[in-house]
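Novice:
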Amino acid sequence: MLPILTPAEMRAVDAAEAHRIDALIERAGAAVARSALRMLGGTYGRTVNVIAGRGNNGADGRVAARLLEQRGVKVRLFSADGCPAVLPVAHLVIDAAYGTGFHGVWNAPDVGDAKVLAVDIPSGVDALTGAVSGTAIPADRTITFQALKPGLLMPPGSAYAGELEVADIGLSSGVAAHAHAHLVQGSDVAAWLPERRLDAHKWVAAVRLVAGSVGMTGAAVLAARGATRAGAGMVQLSGVGCLVVDAPVEVVQRPLHGIGWGRSVLDGLARFQSLVIGPGIGRDDSTAAETRAVVLEAAVPTVVDGDALFAMAWNAQGAGALLRQRMRPTVLTPHDGEFALLTGAVPGADRMVAARRLAADTGAVVLLKGPATVVADPAGRVLVVTAGDERLATAGTGDVLAGIVGALLAQGLDAFEAAAAGAWLHGRAARSGPSQGFLAGDIPDLLPAVLESLA
């Protein structure tokens, strides 16, 4: 996992190393120069424009300028607060105008067709939220020091960052002490996934799925397919008031009918290792009441998704008071609208703080879906997943994700890792699909290849 530091956390790391700031600036500037040389592909006849501000970020840029000149590169140095509107033609622009502590508005110059290397973060991008004030220069590459910053991962800032490079300048001990968030990598997911036992059988990783209702059976199909393809040995599906006619043939169905169906779900949970409840089950009062009862009493790790999130919110106690009564691991999977149902407001600009607060309030792991998915646990730990892309912006992808997470819980992953691994597998599978005409139903069939690549 790659550490992520907020600007405040990075300031704390820097403050502890104030006695050697000049040495750290030299290291950072040298790392910038090395990255610039790789982008230039050589030094002969190359010209670089460096925009340098007054702070440490600008100091890094000036060190890089000096080192590049020593290598024979023609360097033009521009002050950030006196930069011309249009820079002269160059092969590369180093954006060292403003760093992670910048607040205000910066109107970036026109850099023409030059490649751009941003130092720490593209100037004008908020390092905490990814918001852009004024204008910013889209970077081909951003070199950041010791740890990622949230604004490099959250849109719109992520669209300005380009390729990300993390340079080690000797602050690893301080980062380890202050980092509470990390970016999930494929190697992390590979380490979390268990190997199937030689004596495994279908009930070793069995998922109970309550999903689908009249007119909404597609959600059940997608969740069931996600669970089966992500490693569930058995999926037993219950549609509310209906049989799901298009369910995979491998799935066993137990439709739920009449008042009190929640008790039949609870009474049959003993052989299952996880429960997924909510995709497409509906929001009428009786369904919501049965759903609350099931979630409250289910003695297995549970994924609360879709309409079950509505049921948790739609009660006099509030979602937090209800969910805190659960004694087993719980994963909540809200998108922004469902987050608003649970809390009364959509997530703020700082999505990591939003997810942490909901996790603390409910005692559950929160998987806050978005272009950068944020997974938070009640202790305040955060994992960020950026494996997916715009292909996930289509109906039904969340149902598939719920099934995947349920399968990982059934295989024994703890809730925090199951949520993050599920989001990563879900995103990576989507990214491996076609860029046009992609559907949620394509994701399950792409999962085996992604899982195989991690083996």
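Here the sequence shown is numbered in the working numbering, starting from 649 and rising by one per residue.
Ideal Cβ positions, reconstructed from N, Cα and C, are used throughout, including at glycine.
1) Identify which residue in L801, G889 and L870 has its Cα closest to the Cα of V862.
2) Nearest to G1085 by alpha carbon, out of L1040, I1052 and A1066?
3) I want to know whether the stretch 1021 to 1031 touches the stretch 805 to 812 - three or more CB-CB distances under 8 Å.
4) My output table needs one value for S1136: the three-state DSSP class, helix, strand or coil.
5) Between the stretch 809 to 822 and the stretch 1064 to 1081, are three or more C-beta pairs nearer than 8 Å?
6) With a threshold of 8 Å between beta carbons, is V1022 in contact with chain D?
7) CA-CA distance, P896 and L885?
8) Can you check DSSP and say which residues form a bridge with A744?
9) Which residue's Cα is closest to the Cα of A676: D768, F750, A700 and D955?
10) By Cβ distance, which residues of its chain are closer than 6 Å to D953, with the 5 residues on each side in sequence left out?
11) For Q973, which three-state DSSP category applies?
12) Would you report the Cα separation of V734 and A766, rounded to the nearest angstrom?
13) Going by alpha carbons, who is nearest to W754 out of A1055, S934, G887 and D743?
14) Reducing DSSP to helix, strand and coil, say where N830 ends up.
15) If you count every other CB in all the chains shown that lies within 10 Å of the CB of V855, and 16 or more means buried, which is it?
16) Three-state secondary structure (DSSP) at W754?
17) Examine the Cβ distances between the stretch 1043 to 1059 and the stretch 869 to 887 and report whether three or more of them are shorter than 8 Å.
18) What's the gap between the Cα of G1011 and the Cα of T978?
19) For R714, which option in G866, H983, A678 and A1097 has the closest C-alpha, if you only look at C-alpha atoms?
20) Helix, strand or coil for T1034, going by three-state DSSP, please let me know.
21) Compute the beta-carbon to beta-carbon distance between G701 and A745, rounded to the nearest angstrom, for a pair I have assumed lies under 8 Å.
22) Tell me the DSSP secondary structure of V865 in three-state form.
23) Between the alpha carbons of P732 and D761, how many angstroms are there, rounded?
24) Given that a residue counts as buried once 16 or more other Cβ atoms are within 10 Å of its Cβ, and exposed if not, what is R1076?
25) Is the stretch 778 to 787 touching the stretch 657 to 674 in the sense that three or more CB pairs, one from each, lie closer than 8 Å?
26) How many whole angstroms separate the CB atoms of L857 and A867, which I take to be in contact at a CB cut-off of 8 Å?
27) Taking a contact to mean a Cβ-Cβ separation below 8 Å, would you say A1088 touches T1034 in this structure?
28) Going by DSSP, what residues sit across from T792 in a beta bridge?
29) Tell me whether P1019 sits in a helix, a strand or coil according to DSSP, three-state version.
30) In terms of residue numbering, what span does the alpha helix (DSSP H) encompassing V1048 cover?
31) Tell me where the alpha helix (DSSP H) around G805 begins and ends.
Specialist: In terms of the structure at hand:
1) G889
2) Among L1040, I1052 and A1066, the Cα nearest to that of G1085 belongs to L1040.
3) no
4) Outside the modelled stretch of the chain, which goes from 649 to 1103, sits residue 1136, for which no answer is possible.
5) no
6) Considering every chain present, this structure includes no chain D. It has just one protein chain.
7) 10 Å
8) For A744, which the question treats as bridged, DSSP gives the partners A700.
9) D768
10) If you ignore the 5 residues before and after D953, its C-beta comes within less than 6 Å of the C-beta of G926, P927, T981 and A1050, all in its own chain and listed in chain order.
11) coil
12) 18 Å
13) Comparing alpha carbon positions, the residue from A1055, S934, G887 and D743 closest to W754 is D743.
14) It should be pointed out that residue 830 corresponds to His in this sequence rather than to Asn. Three-state DSSP puts H830 in a strand.
15) buried
16) strand
17) yes
18) 8 Å
19) A678
20) coil
21) Sure, about 5 Å apart at Cβ, within 8 Å.
22) The residue you asked about is not Val; residue 865 is Thr in the sequence shown. Of the three classes helix, strand and coil, the one that applies to T865 here is helix, per DSSP.
23) 16 Å
24) buried
25) no
26) Separation of the CB atoms of L857 and A867 is rounded to 10 Å, and the pair is thereby denied contact status at 8 Å.
27) no
28) V814
29) In the structure shown, P1019 falls within a coil segment according to DSSP collapsed to helix, strand and coil.
30) T1045 to A1058
31) G805 to A809 is the span of the alpha helix (DSSP H), which, as asked, contains G805.
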